[in-house]
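A short write-up of the structure that comes next.
Residue numbers (this note's numbering): 24 to 156.
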């Protein structure tokens, strides 16, 4: 399953998330479901911004949560110029057929001010019909 989750964030930063279920990496009979997600971060400000760190809250269908944080994304702390985007893909294993992700990026503007970009919840699901929130 692939879907676009359009997420508009204030402060001149736009986030788009594209979650995808990976059936060839998953083993449902062993409760192992593997997802990729591609994130596009677009700088709609007039000055460059740099992504400094990330924080994710991942919640499976049973309500079990996991927190992930660290510097940058996929080993990078990209400088994103005005009207440009940075795109990356990462992965998330779950032990249930669906779950959610939400979080925030800490960013630095060209004046050296740190600010947070909140990423609203999006769904990871192998089959949208199985979601029962």
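Ideal Cβ placement from N, Cα and C applies to all residues, glycine included. No experiment lies behind these values; they were computed from the predicted model shown.
Under the three-state reduction of DSSP output, residue 53 falls in the helix class. In the DSSP assignment, residue 93 forms a beta bridge with 77. In the DSSP assignment, residue 126 falls within the beta strand (DSSP E) that extends over 121-132. Looking at the DSSP output, residue 84 shares a beta bridge with no other residue. In this structure, the alpha-carbon of residue 73 lies about 23 Å from that of residue 145.
Inclusion of residue 64 and residue 81 in the CB contact set at 9 Å is not warranted, their separation being larger than that value.
Our two residues, residue 48 and residue 116, have alpha carbons roughly 9 Å apart in a direct line. Listed as beta-bridge partners of residue 45 by DSSP are no residues whatsoever. DSSP lists 36 as the beta-bridge partner residues of residue 66.
Annotation: residue 141 to residue 51 spans about 32 Å, alpha carbon to alpha carbon. The three-state reading of DSSP puts residue 71 in coil, since its state is none of H, G, I, E or B. Linking residue 121 to residue 90 through their CA atoms gives a straight-line distance of about 17 Å.
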